[in-house]
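K.L.:
Numbering (our numbering), first residue to last: 7 to 139.
I am attaching a structure below and will ask some questions about it afterwards.
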């Protein structure tokens, strides 16, 4: 399992990223912080668009940020929102997290209380296609 200190560090980084969210339509800001196996924390926030399908969630932005920096392996990701309960990734984000085999997903609500879930818990029987690397 992932240490509480690591969870708290990632939640704090996700909160900082959340302040950069662009959410003029939903007014629901989300931040994410992915811990790469390289020890670097990569952040992302949700970015909305008036054509909703073009919006992108914080979780995917954090992972895509990491990938664009060369990171392909992850230790964990934290996702934060302002609701009273921890928020969970949407289906698209779950599939992206499964693609990169993120082992621990830290979900936090407004008060920073959190729960940790595995990808198997979040997305049982995820679509997987094996590519030779």
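All residues carry an ideal CB built from backbone N, CA and C; glycine is no exception.
Since we're looking at a predicted model, the values are computed, not measured.
(1) Helix, strand or coil, according to DSSP, for residue 121 in the structure here?
(2) Is residue 94 close to chain D? Criterion is C-beta to C-beta, closer than 7 Å.
(3) Could you name the residues of the same chain whose beta carbon sits closer than 6 Å to that of residue 64, not counting the 5 residues immediately before and after it, in chain order?
(4) For residue 24, count neighbouring Cβ atoms within 10 angstroms of its own Cβ and tell me buried if that reaches 16, exposed if not.
(5) From residue 28 to residue 54, what distance separates their C-alpha atoms?
P.N.:
Once the coordinates are examined:
(1) strand
(2) In the structure shown, chain D does not exist; there is a single protein chain.
(3) Here the set comprises 36, 37, 38, 50, 51, 52.
(4) buried
(5) 6 Å
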